[in-house]
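Undergrad: If you read the sequence shown in the working numbering, its first letter stands for residue 31, the second for the next number, and so on. Using N, Cα and C, we set each Cβ at its ideal position, and we do this for glycine too. None of these values were measured; they are calculated from a predicted model.
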Amino acid sequence: MNAVIDAVQAALAAEHAAVYGYGVVGGHLAGARQAEAQQGCDAHRARRDALARTVADLGASPVVEAAGYELPFAVNGPSSAARLAAYVEERVAGAYGDVVRTALGGLRKDAASAMRDAAVRAVRWRGGSVAFPGLAERG
Numbered sequence: 031m032n033a034v035i036d037a038v039q040a041a042l043a044a045e046h047a048a049v050y051g052y053g054v055v056g057g058h059l060a061g062a063r064q065a066e067a068q069q070g071c072d073a074h075r076a077r078r079d080a081l082a083r084t085v086a087d088l089g090a091s092p093v094v095e096a097a098g099y100e101l102p103f104a105v106n107g108p109s110s111a112a113r114l115a116a117y118v119e120e121r122v123a124g125a126y127g128d129v130v131r132t133a134l135g136g137l138r139k140d141a142a143s144a145m146r147d148a149a150v151r152a153v154r155w156r157g158g159s160v161a162f163p164g165l166a167e168r169g
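1) Residues in the same chain with beta-carbon distance under 7 Å from residue 49, minus the five sequence neighbours each way, listed in chain order, please.
2) Name the two residues that bound the continuous alpha helix (DSSP H) containing residue 137.
3) Around the C-beta of residue 114, are 16 or more other C-beta atoms found within 10 angstroms, so that it is buried, or is it exposed?
4) Would you give the residue range spanned by the alpha helix (DSSP H) that residue 81 belongs to?
5) Looking only at its own chain, which residues have a Cβ that is under 7 Å from the Cβ of residue 144, when we skip the five neighbours before and after it?
6) Taking residue 152 as the reference, which of 121, 80 and 64 has the closest Cα?
7) Which of helix, strand or coil does DSSP assign to residue 36?
8) From the DSSP output, in three-state form, read off residue 49 for me.
9) Given a cut-off of 9 Å on the beta-carbon distance, is the pair residue 118 and residue 55 in contact?
10) Do you know how far the Cα of residue 62 is from the Cα of residue 146?
11) Hey, how far is the Cα of residue 92 from the Cα of residue 140?
12) What I want to know is whether the C-beta of residue 57 ends up closer than 8 Å to one or more non-hydrogen atoms of the ligand MG.
13) Specify, as a first and last residue, the run of the alpha helix (DSSP H) that residue 124 falls within.
14) For residue 97, which option in 47, 107, 154 and 40 has the closest C-alpha, if you only look at C-alpha atoms?
Right under this line is the structure:
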């Protein structure tokens with residue numbers, strides 16, 4: 031595989047994990063925050079489906095979702111659910127950063143837009159921003 035396909039596959043895997051993560055997040059929230067989680071989940075589903083088509087268009091078989099994902103920490107209430115949502119968004123932003131780094135043209139533009147959207151959602155969930163969303167864990 032080439033670097034672009036590898037990066038897009040990694041972003042697709044991150045989107046699969048995000049959809050799973052938002053299922054956990056939404057189960058611990060109510061009201062407006064639950065609606066926000068549903069919107070995040072819907073956004074990740076749409077991006078996931080678009081990335082699967084992109085991978086196929088690039089001539090590869092899209093990576094499939096796992097049966098389940100190990101959470102980075104216990105989620106047992108609204109506070110930890112919001113923290114998980116921020117974590118998920120940061121991971122997604124990092125994956126799209128790799129697509130931006132390797133892709134050209136429309137794919138690069140779409141990845142930059144997805145990275146920005148994930149960074150904005152992370153700020154909303156976290157309540158503050160970081161200098162380079164998605165890159166902190168790569169230090």
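TA: Once the coordinates are examined:
1) These residues qualify, in order along the chain: 71, 74, 75 and 78.
2) Counting along the chain, the alpha helix (DSSP H) containing residue 137 begins and ends at 135-156.
3) It is buried - the Cβ of residue 114 has at least 16 other Cβ atoms within 10 Å.
4) Where residue 81 is concerned, the enclosing alpha helix (DSSP H) stretches over 61-87.
5) Shown here for residue 144: same chain residues with a beta carbon closer than 7 Å to its own, the five before and five after excluded, namely 77 and 126 in chain order.
6) Of all alpha-carbon atoms in 121, 80 and 64, the one lying nearest the alpha-carbon of residue 152 is that of 121.
7) For residue 36, the three-state secondary structure derived from DSSP is helix.
8) For residue 49, the three-state secondary structure derived from DSSP is helix.
9) Cβ atoms of residue 118 and residue 55: closer than 9 Å.
10) Whole-angstrom Cα-Cα distance: 22 Å.
11) Cα to Cα, residue 92 sits roughly 18 Å from residue 140.
12) No copy of the ligand MG appears in this structure; indeed no ligand is present at all.
13) In the DSSP assignment, residue 124 falls within the unbroken alpha helix (DSSP H) covering 108-132.
14) Comparing Cα positions, the closest option is 47.
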